[in-house]
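Trainee: Chain order of the listed sequences is A and B. Position one of the first sequence corresponds to residue 2 (the working numbering), numbered consecutively onward. Position one of the second sequence corresponds to residue 2 (the working numbering), numbered consecutively onward. From the three backbone atoms N, C-alpha and C, an ideal C-beta is built for every residue, glycine too. If you scroll down you'll find the structure; I have some questions about it.
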Amino acid sequence: MDIIVLGLNHKTAPVHIRERVAFPEKTIHEPLRALHGAAGVRETMILSTCNRVEIAAVVESREQGAAAVRAFVAAHHEVPEGDLAPHLYLHAGADAVRHLFRVASSLDSLVVGEPQILGQVKDAYQYAREAGAIGMVLDRLLKKALSVAKQVRTETEIARSAVSVSFAAVELAKKIFGEIEGRSAMIIGAGEMAELAVKHLVSSGVREVLVVNRTFEKAVALAQEFGGTAVKYEDLFDQLVISDIVISSTGAPHFIIKGEDVRKVMARRRHRPMFFIDIAVPRDIEPSVNDVDNAYLYNVDDLQSVVDGNIKERRKEADKAEKIVEEEVGTFEKWIASLQVVPTIVQLRQSVDAMRAAELEKSLGRLAHLADKDREQVKLLTQSIVNKILHSPLTVLKESSQSPEAGVYLEVTRRLFNLADPPAGQGGDEGNGTN
Amino acid sequence: MLNIRLFQVALALYGLGTFGYLAFLTTPRETVARLARIATGLGVLAHTGFFLARWAASGYFPITNLFESLNFFSWAIVVSFIVLQVRFPAAVVGAIVMPIALLLAASSLALDAAVAPLAPALQSGWLYVHTTLAFVGDAFFVIAFAGGVLYLVQERQLKSRHTGAFFHRLPSLDLLDRVNYRSLTIGFPLLTLGIITGAIWAERAWGSYWQWDPKETWSLITWFIYAALVHARLTVGWRGRKAAWLSIVGFLAVLFTFLGVNMLLGGLHSYTNK
């Protein structure tokens with residue numbers, strides 16, 4: 002038995018390849034069932050997002066399973082296998098486990114730490130369950146992947162900082178105002194980045210957006226877009242008094258808001274904090290605004306340097322996350338190994354115990370003259386002899402499950418005790434351990 | 002003695018709490034904050050037990066010498082920090098508050114812990130009211146101080162546009178400022194009442210409301226600092242940096258009134274301290 006992951010992602014395949022092999026969510030059950038029925042495939046799951054297609058499977062043997070999955074993908078999407086081959090990667094065993102953990106933890110994402118992937122893995126798990134394509138091993142693997150991802154999110158800062166300029170603006174606003182909900186924003190001028198920042202602010206709960214433009218008609222048009230209020234340019238400073246967040250992006254060749262203006266505005270608004278975001282080049286807001294108490298001014302370069310810092314921070318956090326992943330891969334591998342030993346142990350016990358019971362019955366027939374108490378004693382004797390004899394081999398077997406030679410011990414045990422091959426399928430449930 | 006055991010347990014738990022809150026400055030793990038919270042909560046229970054046991058053993062409200070005062074102050078700081086957290090999600094404040102509480106309680110180890118007979122001047126019901134009000138008021142000023150210090154750190158990071166190591170770990174300026182403000186509005190009335198009850202008690206005990214004893218003088222100075230701060234916040238809308246600085250100055254005045262006066266200036270309030 003082996004675990005494999007066959008897939009391609011944004012690093013290995015351009016979008017025109019990715020879109021050809023994507024599995025649409027709505028119809029994903031059908032390919033899941035088909036793949037589950039393929040020869041040598043015991044369990045399977047398909048994760049398909051705009052950045053990646055990953056097929057995880059529990060297979061009888063690595064090579065055969067990988068070939069089956071590869072052939073299935075090519076046939077299902079009607080793409081020649083040769084076209085896919087250069088873009089596909091194959092992970093097996095511990096590497097496959099690690100890969101899935103890293104994907105779920107967003108360590109393999111285009112933007113490391115982005116939050117959507119966790120939900121996508123959850124959905125993929127759900128679809129595979131619904132399709133009946135998941136068995137014990139993948140079930141455990143995917144649950145573990147989700148819990149590792151959660152652990153990474155709570156124990157590292159990997160997803161906590163903004164990595165785009167407009168999100169950085171929102172993040173800074175939150176550090177100044179706490180809740181953004183109920184604050185008001187003003188946008189002066191227009192421009193793609195400024196409008197994007199306003200949109201993020203609105204979706205974070207900004208109560209009111211004031212729109213200022215030299216040309217009032219333009220202000221009215223833009224205000225409609227945000228559900229905001231257009232403001233006459235002459236009223237700019239009056240309206241600043243009620244604006245907490247100011248985003249400026251005009252084509253003016255000189256500063257339109259000066260330190261002195263903000264000082265006056267600040268007194269009128271009883272020193273409630275103000276956050277100025279100057280996206281214009283040349284700049285709209287005089288740098289000395291930042292010297293006014295309770296006023297915070299960031300221009301485009303400042304925001305970019307915050308973003309750069311955040312990205313560096315994320316990389317550091319990613320290292321911590323990799324350690325968490327590595328630890329969990331180790332734990333999972335141990336479980337996989339023990340999985341193979343458990344059915345053997347169960348079988349061994351059952352077979353020896355059956356012999357004991359048969360011999361005991363024969364003997365008791367000849368010992369009819371004994372009192373019940375003594376017959377009970379004889380029974381206990383047989384049990385304790387069996388336990389004593391089995392104790393050492395069972396201990397060695399259990400311990401061997403952690404070591405690479407586990408297979409050898411299992412093979413020898415099966416030969417020595419003349420055990421039949423384990424039942425088809427995955428063999429013993431987890432809860433089957435009688436000892 | 003059960004008494005001292007409880008004190009040691011409280012100290013150890015405060016130590017653990019301090020460590021936890023400091024660690025929480027560097028990691029987002031909620032378990033760290035939870036651990037710190039539990040240690041602090043258990044610590045304050047042990048400390049309360051110690052206080053009650055001592056009260057039972059001596060027969061008087063145990064805030065009569067420096068050893069007892071240090072412990073009561075430390076206890077009051079931890080309690081007001083716990084109370085604060087009911088309203089504000091500001092566990093990080095513990096990184097400043099808990100070391101102070103720990104230091105105060107631990108420094109009492111250097112003092113004579115023996116239960117002495119109560120000085121005649123202190124035998125009055127006013128002892129309970131006056132000391133409790135004064136110390137609990139001061140405890141909230143410690144919280145205001147902690148909020149102020151963290152505010153200044155976070156403000157520095159935002160103004161300089163260097164979102165440094167603690168940027169993500171510290172709460173918003175808004176929250177820190179509210180912590181500062183709320184603590185002031187609780188602490189200031191308590192201090193005011195503490196001074197008034199002190200004056201009444203002084204009249205009963207010494208026959209005069211006010212004698213310009215160093216402790217009285219410094220309490221008044223402290224009161225004026227906080228009065229100015231509360232006034233500026235309420236009328237002119239002072240907030241943020243200036244308020245933070247003034248609550249740091251106020252905290253220094255509190256410390257001097259409490260410790261400096263006894264050690265350097267003496268006077269009527271220095272009863273049994275060596």
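Hey, is A/LYS27's beta-carbon within less than 8 Å of any beta-carbon in chain B?
Mentor: At least 8 Å separates the CB of A/LYS27 from every CB of chain B.
Trainee: Can you round the beta-carbon distance between B/PHE74 and B/ALA140 to whole angstroms, since I take them to be within the 8 Å contact cut?
Mentor: 7 Å
Trainee: Quick one: give me the first and last residue of the alpha helix (DSSP H) that A/SER167 is part of.
Mentor: 166–178
Trainee: Under DSSP, the beta strand (DSSP E) around A/MET46 begins and ends at which residues?
Mentor: 42–49
Trainee: Counting only C-beta atoms, is B/HIS232 closer than 8 Å to chain A at any point?
Mentor: no
Trainee: Could you say which of A/GLY331, A/GLN378, A/THR396 lies nearest to A/VAL347 if we only look at CA atoms?
Mentor: Measuring from the Cα of A/VAL347, the nearest candidate turns out to be A/THR396.
Trainee: Which residue wins for smallest C-alpha separation from B/SER161, given the options A/GLU314, A/PRO288, A/VAL164?
Mentor: B/SER161 has its Cα closest to that of A/PRO288, out of A/GLU314, A/PRO288, A/VAL164.
Trainee: Please report how far the alpha carbon of A/VAL301 lies from the alpha carbon of A/GLY190, in whole angstroms.
Mentor: 15 Å
Trainee: Is there a C-beta anywhere in chain A that falls below 8 Å from the one on B/THR164?
Mentor: yes
Trainee: DSSP has A/SER249 in a bridge; who is on the other side?
Mentor: A/ILE189, A/ASP279
Trainee: Look up A/ASP3 in the DSSP assignment and say whether it is helix, strand or coil.
Mentor: A/ASP3 sits in a strand when the DSSP states are folded into three classes.
Trainee: Taking 8 Å as the threshold (C-beta atoms), are A/PHE256 and A/LYS233 in contact?
Mentor: In this structure, the beta-carbon distance from A/LYS233 to A/PHE256 does not fall below 8 Å.
Trainee: Mapping DSSP to helix, strand and coil, what is A/GLU328?
Mentor: helix
Trainee: Which runs of the alpha helix (DSSP H) at least 4 residues long sit entirely within the stretch 112–148 of chain A? Give them in chain order.
Mentor: Runs of the alpha helix (DSSP H) inside the stretch 112–148 of chain A: 117–131.
Trainee: From the beta carbon of A/ASP294, is the nearest beta carbon of chain B less than 8 Å away?
Mentor: yes
Trainee: Look up A/GLU1 in the DSSP assignment and say whether it is helix, strand or coil.
Mentor: The requested residue 1 of chain A is not part of the displayed model; chain A covers only 2 to 436.
Trainee: Just list the residues that DSSP pairs A/HIS92 with in beta bridges.
Mentor: A/VAL6
Trainee: Got a sec: is the Cβ-Cβ distance from A/ASP303 to anything in chain B below 8 Å?
Mentor: Cβ-Cβ to chain B under 8 Å: yes for A/ASP303.
Trainee: Is it buried or exposed, A/ASP3, if we count other Cβ atoms within 10 angstroms and call 16 or more buried?
Mentor: buried
Trainee: Considering only residues of the same chain and omitting the five flanking positions on each side of A/ASN291, which have a CB-CB separation below 6 Å?
Mentor: Excluding sequence neighbours, A/ASN291 sits near LEU298.
Trainee: Strictly below 8 Å CB to CB, what residues from chain A border B/LYS160?
Mentor: ASN291, TYR297
Trainee: Which whole-angstrom value is the C-beta distance of A/ALA146 and A/GLY114, which I expect to be below 8 Å?
Mentor: That pair is no contact at about 16 Å.
Trainee: Have a look at A/GLU26, A/ILE337, A/VAL353 and flag the residue whose alpha-carbon is nearest the alpha-carbon of A/ASP124.
Mentor: A/GLU26
Trainee: Going straight from the alpha carbon of A/PHE227 to that of B/THR164, what length do you get?
Mentor: 30 Å
Trainee: Are A/ASP109 and A/ARG103 closer than 8 Å when you measure CB to CB?
Mentor: yes
Trainee: Contact defined as beta carbons within less than 8 Å: I believe A/GLY183 pairs with A/ILE280. What is the distance between those atoms, to the nearest angstrom?
Mentor: With 8 Å as the limit, A/GLY183 and A/ILE280 do not qualify as a contact, their Cβ atoms being about 24 Å apart.
Trainee: If I measure Cβ to Cβ from A/GLU196 and keep anything under 6 Å in the same chain, skipping five residues before and after, which residues do I get?
Mentor: none
Trainee: If you run the structure through DSSP and keep just helix, strand and coil, what is A/ALA296?
Mentor: strand
Trainee: Using a Cβ-Cβ distance cut-off of 8 Å, determine whether B/SER184 contacts chain A.
Mentor: Chain A has no Cβ within less than 8 Å of the Cβ of B/SER184.
Trainee: Under the rule that 16 or more other beta-carbon atoms within 10 Å means buried, what is B/PHE225, buried or exposed?
Mentor: The residue in question, B/PHE225, is exposed, as its Cβ has fewer than 16 Cβ neighbours within 10 Å.
Trainee: Between B/LYS243 and chain A, is any beta-carbon pair separated by less than 8 Å?
Mentor: yes
Trainee: With contact counted as at least three CB pairs below 8 Å, one residue from each stretch, are the stretch 56–70 of chain B and the stretch 6–18 of chain B in contact?
Mentor: The stretch 56–70 of chain B vs the stretch 6–18 of chain B: no contact.
Trainee: Name, going along the chain, the residues of the stretch 266–282 of chain A whose beta-carbon falls closer than 7 Å to a beta-carbon of chain B.
Mentor: ARG271, HIS272, PRO274
Trainee: Give the interface partners of A/ILE248 over in chain B, defined as CB-CB distance under 8 Å, in chain order.
Mentor: Within 8 Å Cβ-Cβ: nothing; A/ILE248 doesn't reach chain B, min ~16 Å.
Trainee: For B/PRO118 and A/GLU180, I'd like the C-alpha separation in whole angstroms.
Mentor: 55 Å
Trainee: Cβ of B/GLY241 within 8 Å of Cβ of B/TYR152?
Mentor: yes
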